[in-house]
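Residue numbers (my numbering): 5 to 313.
We treat Cβ as the ideally placed atom computed from N, Cα and C, and that holds for glycine.
Accompanying notes for the structure given below.
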Ligand code: GLV
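Here it is as structure tokens:
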């Protein structure tokens, strides 16, 4: 029995080796060269072509190769009643935390101004602002949001979080629902988007949301480009309300070379690299999920299709 691998972004060789080192019995077929559809028990996917998961009579698991699963729901011909699992991996989480902490500290210590002065050979001392002047709001408080929140709290930041449903978390102030969204925005000098992309979160970071943020606020998006209305962000930065943004994800990826974000002095652009799945770390979860579905149990990190994550 085998796993079907479908991804242009991940290495099939690394995944095949990582899976074989855990269970040499697991066969590995790479789309579109898969030859034995009846052998396929699990599909390991990142942005698979629509319809590619049909015609697999023994498919028991659709496992995302990333933390997000929005790419799976883009397929209008997804097989019905096959459990879908998110990937929750400590290495991926660690990378995301590193990246967000980098962005938050860069903003907090005004690395943009320091670099600007350096380019002018200007010995300009930009004094650190008190950490209380950088209140951080995190949208989405799943595995990655919580780990990020904890790291920022440990650094001394005042952190608040927002989720769809109520949640309680130690040192982090929690908000939920539409009213909570406004309350969180009003108090976020640095806003971090770590939400799953669903029908409810698409376009949430729009002109109204930006206007609700305090003057000079800074936006970090490491979730999906579609959470944010790019024109609204540009307008809010260019009219001086927001001080800038740090973006890893975009509506169109790769970001077109003529896109205004590339050369914007107040926007940091990185090419969707905040967290990249590492096969050697994540493979054990895939093998474990395969074992679970084989005995009729739900996989770990099961997605609820009615909410989309
Ligand atoms: C990356 O964007 C992921 O979903 O893991």
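Note: residue 167 is bridge-paired with 180 in the DSSP secondary-structure output. With a cutoff of 7 Å, residue 281 counts as near the ligand GLV, since its C-beta is closer than that to a heavy atom of the ligand. For residue 225, the pairing in a beta bridge is given by DSSP as 197 and 251.
For the segment 226-310, the full-length beta strand (DSSP E) segments reaching 3 residues or more read 246-251 and 271-273 along the chain. DSSP places residue 44 within a strand segment (E or B) once states are collapsed to three. In the three-state reduction of the DSSP assignment, residue 22 falls in the helix class, which pools H, G and I.
When distances are taken from the beta-carbon of residue 248 to the heavy atoms of the ligand GLV, even the shortest one reaches 7 Å or more. The segment 221-236 and the segment 251-266 touch, with three or more beta-carbon pairs separated by less than 8 Å.
Beyond the five residues adjoining it in sequence on each side, residue 224 comes within less than 6 Å, by CB distance, of 107, 196 and 250 in the same chain, given in chain order.
At the C-beta level, residue 164 and residue 198 stay beyond 8 Å of one another. Its chain contains 95 as the residues whose beta carbon lies nearer than 6 Å to that of residue 282, once the 5 sequence neighbours on both sides are disregarded; these appear in chain order.
The segment 277-292 makes contact with the segment 12-28; the number of CB pairs closer than 8 Å reaches 3 or more. Between the alpha carbons of residue 160 and residue 70 lies a distance of about 30 Å.
Taking the Cα positions, residue 75 is about 13 Å away from residue 56.
Three or more pairs of CB atoms, one per stretch, sit closer than 8 Å, so the segment 162-176 contacts the segment 141-151. Excluding sequence positions up to five before and after residue 167, its CB lies within less than 6 Å of the CB of 145 and 180, all in the same chain and listed in chain order. Residue 300 has its CB no nearer than 7 Å to any heavy atom of the ligand GLV. In the structure shown, residue 143 falls within a strand segment according to DSSP collapsed to helix, strand and coil. Under the 8 Å Cβ criterion, the segment 26-36 does not count as touching the segment 256-268, having fewer than three qualifying pairs. Residue side-chain check: residue 71 places its Cβ nearer than 7 Å to a non-hydrogen atom of the ligand GLV.
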